[in-house]
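Peer 1:
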Amino acid sequence: MSLLDSLNPEQLAAVTLPRESALILAGAGSGKTKVLTARIAWLIQTGQVGPNGVLAVTFTNKASKEMLHRISTMLPINTRSMWVGTFHGLCNRMLRAHWKEAGLPQAFQILDMQDQLSAIKRMYKVLGIDAEKFPPKQLSYFVGSAKDQGLRPKDVEAHDEYHRMMVRLYEAYEAQCQREGVVDFAELLLRSFELLGANPTLREHYQARFKYILVDEFQDTNSLQYNWLKRLAGPQGCIFAVGDDDQSIYAFRGARVANMVQFENDFNVQNRIKLEQNYRSVGNVLKAANVLIAHNKARLGKELWTEAGEGEAIRVYEATSDQDEAAFIIDRIKKLVLEEGYSRSDIAILYRSNAQSRVVEQALFNAGMPYRVYGGLRFFERAEIKHALAYLRLMDNADDDNSFSRVVNFPARGIGARSVEQLQDISTAQATSLYRAIHRMEGRAQAGLKKFADLIERMRFETRGLSLPDLVDKVINESGLIAHFQADKDGEDRVENLKELVNAAASFSIAEGYYRDAAATMVDEEKLITPLADFLSHASLEAGDNAAAAGQDAIQLMTAHSAKGLEFKCVFVTGLEEGLFPHENSIGNSVEGGDGTSVEAVEEERRLMYVAITRAREQLFLSHAQQRMLHGQIRYHLRSRFLDELPEEVLKWLTPKRAHIASQGWDALDSKVWGQNKTLNVGYSNKTSKRPYDIGTGVSHAKFGSGVVVSYEGEGDDQRIQINFGRQGMKWLMLSLAKLERS
DNA sequence: TACGTCCTCCTTTTT
DNA sequence: GGAGGACGTA
1 MSLLDSLNPE
11 QLAAVTLPRE
21 SALILAGAGS
31 GKTKVLTARI
41 AWLIQTGQVG
51 PNGVLAVTFT
61 NKASKEMLHR
71 ISTMLPINTR
81 SMWVGTFHGL
91 CNRMLRAHWK
101 EAGLPQAFQI
111 LDMQDQLSAI
121 KRMYKVLGID
131 AEKFPPKQLS
141 YFVGSAKDQG
151 LRPKDVEAHD
161 EYHRMMVRLY
171 EAYEAQCQRE
181 GVVDFAELLL
191 RSFELLGANP
201 TLREHYQARF
211 KYILVDEFQD
221 TNSLQYNWLK
231 RLAGPQGCIF
241 AVGDDDQSIY
251 AFRGARVANM
261 VQFENDFNVQ
271 NRIKLEQNYR
281 SVGNVLKAAN
291 VLIAHNKARL
301 GKELWTEAGE
311 GEAIRVYEAT
321 SDQDEAAFII
331 DRIKKLVLEE
341 GYSRSDIAIL
351 YRSNAQSRVV
361 EQALFNAGMP
371 YRVYGGLRFF
381 ERAEIKHALA
391 YLRLMDNADD
401 DNSFSRVVNF
411 PARGIGARSV
421 EQLQDISTAQ
431 ATSLYRAIHR
441 MEGRAQAGLK
451 KFADLIERMR
461 FETRGLSLPD
471 LVDKVINESG
481 LIAHFQADKD
491 GEDRVENLKE
501 LVNAAASFSI
511 AEGYYRDAAA
521 TMVDEEKLIT
531 PLADFLSHAS
541 LEAGDNAAAA
551 GQDAIQLMTA
561 HSAKGLEFKC
571 VFVTGLEEGL
581 FPHENSIGNS
591 VEGGDGTSVE
601 AVEEERRLMY
611 VAITRAREQL
621 FLSHAQQRML
631 HGQIRYHLRS
641 RFLDELPEEV
651 LKWLTPKRAH
661 IASQGWDALD
671 SKVWGQNKTL
681 NVGYSNKTSK
691 RPYDIGTGVS
701 HAKFGSGVVV
711 SYEGEGDDQR
721 IQINFGRQGM
731 KWLMLSLAKL
741 ERS
């Protein structure tokens, strides 16, 4: 059986397990995806289950597509009806098939984070709640984390007045979503979970159908996802969970590593297989990763090994500034591409936060190197695309107040805030949508709104019978979006993007088979929805970046988070500075470990660093900068602790490694910095303030040790000084009290 | 009342 | 560096 030939004994054991639940602890680069895919193929090929009896959950849409593709090359089956996807994608599918039972409209819409926030803000206005006191962002976080645990408002414990208010808001938010027929990301999961709970027939149907459930990246499941799986599997269920506790990087969104242990207990797991051989990286990279992650206390324990050679040493570069760091990267990439024969797509540049990409992008652009940024502003999140989608949504469902508010006056058509406010009042009073409220309006404000409603109606009428791409094309023109951006001298890119949306619709139609029979548009097994509604939900769940620039040989830019699950021959990990990576919010904080224990938040950052390092197959470059422009302000960071935690023997410092802060020669830096810009010192403007240490100076403090002066604020006796103490974190100290010494 | 411009505020990671 | 709010003008 050729399918199994390329597997090692451990992998083979995992792939060919009998029908029992199993936990596979798979290290980075140990062939996780391969094992998952091979198991599915093996199960089907040996006739143990049909393609429809398998449910596989992956972490990204990209991963599921890849998996389906691989299966289809191995087996002569139609993979289109297979249930392989993300939690959100699968729950969406289930809810679309059972919208009635789930209490949703047939064409419900999915709110992304941005939409969610604006929905919340509108609700605040209606309820007259002080947004200062109860920040909408916090509500959105509150709602999200409650739902991640499977909690509805009635189930949330409210300890104090603040919590009680939050619960009240949560309740109101839910009522509003219900009224508008929209769901947010978390709601998708929760609805599906509740649907399975409330409807035994349906539950038993799915339990009988999915004889085998496979889960990738199991360490990143939250409680709700875990319970969803449990409910779906049922008493006879068989779950094959693959994960790596060292790669758990989504605690901020409720991921619970403890699920792994709970899974073993709940399902009486007899098979725990460890995959520790790494097929991805050279020895030096692996050694660095092993030593780094050993600094974490909370681990199940695993040691990766490889048969590959040591490979190149890991190169470390200390840049003087973020610009210098980018220049170093460009320089190295040129060598890799021109002298060492790598293609550009073999090379990835990773960073901790999206904002860091800009400097590198600029440098790549100036050097004429094609690049591609993942994440950040995704295609479907761009303002112009969201506007176009909002028009499409309104045509599909006029009661969608979110979309209505977005485009009612975009492009500007003389409908001001006042008119919308009046409309809002009417819709609240009559408990109807904004769109319907138009007809009940009176006075001059109505004229403009009426015209807008007519526009939507006209577009709906005129696009009847058109194919999806033609429909989209018609709408971006009729709505005036194209004209608006064409008139804008900076709008060229936006026009391009809008045209790209037509292409995206076209490729979606082809992928989903809507072209095969344009007349019979309601098709496909469980999919009883129009192509438009289908496309809209697709837009909410997919980043949509596969359409753009596919096939281009380009340098890959992404956050360490988005790099999970991917691999590249050459990897640059940038911005290795205290406060950035590890991120300042994590330094000195503890988080609940999921089983009642307290874990340092930095451990998650370290896992993230571990993920970043282990993306590299052959060459790894690490860099940090002495000063960096952040939030429009120059900041000085110490070298990341992670660099010091790596084993010295696998590193090669391209710049001299400095012992520590005291000997860093800050004098030279001072003159450089102050020579360029005399106004660096934010918050300092008054003559009663003094500045005994220049920004960027190294100082030492009896308790916190050595650090770097970052900024000042206040004046006189209240004047405070901000110092980056590296490991001890960023501190604000009263200048008059703190005993500081120049170091 | 509508719209453009200036200013201020905030600033992790994502399906 | 960007988004949203405040303000001034048509």
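If you're matching positions, the first sequence starts at 1 in UniProt numbering and goes up one per residue. Ideal Cβ positions, reconstructed from N, Cα and C, are used throughout, including at glycine.
Count the other CB atoms, across all protein chains shown, that sit within 10 Å of the CB of Asn-265; report buried if there are 16 or more and exposed otherwise.
Peer 2: That one is exposed.
Peer 1: Measuring straight from C-alpha to C-alpha, what distance separates residue 745 and Leu-566?
Peer 2: Limits of the chain in this structure are 1 at one end and 743 at the other, which puts residue 745 out of reach.
Peer 1: So, helix, strand or coil for Gly-375, using DSSP?
Peer 2: Coil at Gly-375, not helix or strand.
Peer 1: Tell me which same chain residues have a C-beta within less than 8 Å of the C-beta of Gln-114, skipping the five on either side of it?
Peer 2: Same-chain partners within the cutoff: Glu-381 and Lys-386.
Peer 1: For the putative contact between Tyr-170 and Val-126, defined by C-beta atoms under 8 Å, what is the C-beta separation to the nearest angstrom?
Peer 2: Not a contact, Cβ separation roughly 15 Å.
Peer 1: Taking Gln-262 as the reference, which of Tyr-250, Asn-227, Gly-234 and Leu-275 has the closest Cα?
Peer 2: Nearest option by C-alpha distance: Asn-227.
Peer 1: Per DSSP, which residues does Ser-700 bridge with? Please list them.
Peer 2: In DSSP, Ser-700 forms a bridge with Ser-706 and Glu-741.
Peer 1: Could you tell me if Tyr-162 is buried or exposed, where buried requires 16 or more neighbouring beta carbons within 10 angstroms of its beta carbon?
Peer 2: Tyr-162 is exposed by the Cβ-count criterion.
Peer 1: In the DSSP assignment, what are the bridge partners of Glu-577?
Peer 2: According to DSSP, which records beta bridges pairwise, Glu-577 is partnered with Arg-639.
Peer 1: Val-472 to Arg-378, Cα distance in whole Å?
Peer 2: Computed Cα separation, rounded: 19 Å.
Peer 1: I think Ser-427 touches Ala-398, with their Cβ atoms under 8 Å apart; what is that distance to the nearest whole Å?
Peer 2: Not quite, the Cβ-Cβ distance comes to about 12 Å (not below 8 Å), so this is no contact.
Peer 1: Would the beta-carbon of Leu-95 fall within 8 Å of that of Ala-102?
Peer 2: In this structure, Ala-102 lies closer than 8 Å to Leu-95 by Cβ.
Peer 1: Only counting the same chain, and skipping five residues up and downstream in sequence, which positions put a Cβ closer than 6 Å to that of Lys-32?
Peer 2: If we look at Lys-32 and ignore the five residues flanking it on each side, its Cβ neighbours are Ala-26 and Val-242.
Peer 1: Please list, in chain order, all residues of the same chain as Phe-452 whose beta carbon is under 7 Å from its beta carbon, the five residues on each side excluded.
Peer 2: Cβ neighbours of Phe-452 beyond the five flanking positions: Val-408, Arg-413 and Ile-415.
Peer 1: Between the C-alpha atoms of Tyr-279 and Arg-253, what's the straight-line distance to the nearest angstrom?
Peer 2: C-alpha separation (whole angstroms): 30 Å.
Peer 1: Evaluate residue 756 with the Cβ neighbour count: other Cβ atoms within 10 Å of its Cβ, from every protein chain shown; 16 or more gives buried, anything less gives exposed.
Peer 2: The structure shown does not extend to residue 756, since the chain spans only 1 to 743, so no value can be given for it.
Peer 1: Sorted by chain position, which residues of the same chain lie with C-beta nearer than 6 Å to Thr-79's C-beta, five sequence neighbours on each side aside?
Peer 2: For Thr-79, where only same-chain residues beyond five positions count, the Cβ hits under 6 Å are Leu-68, Ile-71 and Ser-72.
Peer 1: Using beta-carbon positions only, say whether Ala-554 and Tyr-351 come within less than 8 Å of one another.
Peer 2: No, these two residues do not count as a Cβ contact at 8 Å.
Peer 1: If you measure from the CB of Lys-65, is any heavy atom of the ligand NAD nearer than 7 Å?
Peer 2: Within the structure as shown, the ligand NAD is missing, as the structure has no ligands at all.
Peer 1: Taking its Cβ as the centre, do 16 or more other Cβ atoms sit within 10 Å of Lys-739, making it buried, or is it exposed?
Peer 2: With fewer than 16 Cβ atoms within 10 Å of its Cβ, Lys-739 is classed as exposed.
Peer 1: Apply the 10 Å Cβ neighbour rule to Asp-245 and answer buried if 16 or more other Cβ atoms are within range, or exposed otherwise.
Peer 2: Label assigned to Asp-245: buried.
Peer 1: Quick one: complete alpha helix (DSSP H) runs, 4+ long, within the segment 179-242?
Peer 2: Fully enclosed alpha helix (DSSP H) runs of 4 or longer: 185-198, 200-209 and 223-233.
Peer 1: If distances are taken between C-alpha atoms only, which option among Met-609, Met-82 and Leu-557 comes closest to Glu-577?
Peer 2: With distances taken between Cα atoms, Glu-577 lies closest to Met-609.
Peer 1: In three-state DSSP terms, what is Tyr-162?
Peer 2: Of the three classes helix, strand and coil, the one that applies to Tyr-162 here is helix, per DSSP.
Peer 1: Going by DSSP, what residue range makes up the beta strand (DSSP E) through Ala-348?
Peer 2: 347-351 is the span of the beta strand (DSSP E), which, as asked, contains Ala-348.
Peer 1: Under 8 Å, do Arg-615 and Phe-642 count as touching if we go by C-beta distance?
Peer 2: It is not a contact, given that the beta carbons lie outside the stated cut-off.
Peer 1: Any idea what DSSP makes of Gln-626, helix, strand or coil?
Peer 2: The answer is strand: DSSP assigns Gln-626 an E or B state.
Peer 1: Using a Cβ distance threshold of 8 Å, determine whether the segment 617-633 contacts the segment 567-576, with at least three qualifying pairs required.
Peer 2: Judged by Cβ distances under 8 Å, the segment 617-633 makes contact with the segment 567-576, as three or more pairs qualify.
Peer 1: Taking only runs of the beta strand (DSSP E) that begin and end inside the segment 15-44, which ones reach a length of at least 3 residues, in chain order?
Peer 2: Qualifying beta strand (DSSP E) stretches, in chain order: 22-26.
Peer 1: Do Trp-83 and Val-49 count as a contact pair if the criterion is CB distance below 8 Å?
Peer 2: Going by C-beta atoms, Val-49 is not nearer than 8 Å to Trp-83.
Peer 1: Can you look up Asn-86 in the DSSP assignment and give me helix, strand or coil?
Peer 2: This sequence places Thr at residue 86; Asn is not what is there. Coil, per DSSP.
Peer 1: Identify every run of the beta strand (DSSP E) within the segment 465-498, keeping only runs that are complete inside it and at least 3 residues long; order them along the chain.
Peer 2: For the segment 465-498, not a single whole beta strand (DSSP E) run of length 3 or above is found.
Peer 1: Report the residue ranges of all beta strand (DSSP E) runs contained in full by the segment 321-371; include only those spanning at least 3 residues, in chain order.
Peer 2: Whole beta strand (DSSP E) segments, 3+ residues: 347-351.
Peer 1: Once the 5 residues before and after residue 746 are set aside, which same chain residues still bring their CB inside 6 Å of it?
Peer 2: The structure shown does not extend to residue 746, since the chain is modelled only from 1 through 743, so no value can be given for it.
Peer 1: So residue 746 and His-88 are in contact, right, with Cβ under 8 Å, and what is the actual spacing, rounded?
Peer 2: Lying before the first or after the last residue shown, residue 746 is absent from the chain, which here runs from 1 to 743.
Peer 1: I believe Phe-240 touches Ile-213 by the beta-carbon criterion, under 8 Å. Please report the beta-carbon distance rounded to the nearest angstrom.
Peer 2: The pair is a contact, with the Cβ atoms about 7 Å apart (cut-off 8 Å).
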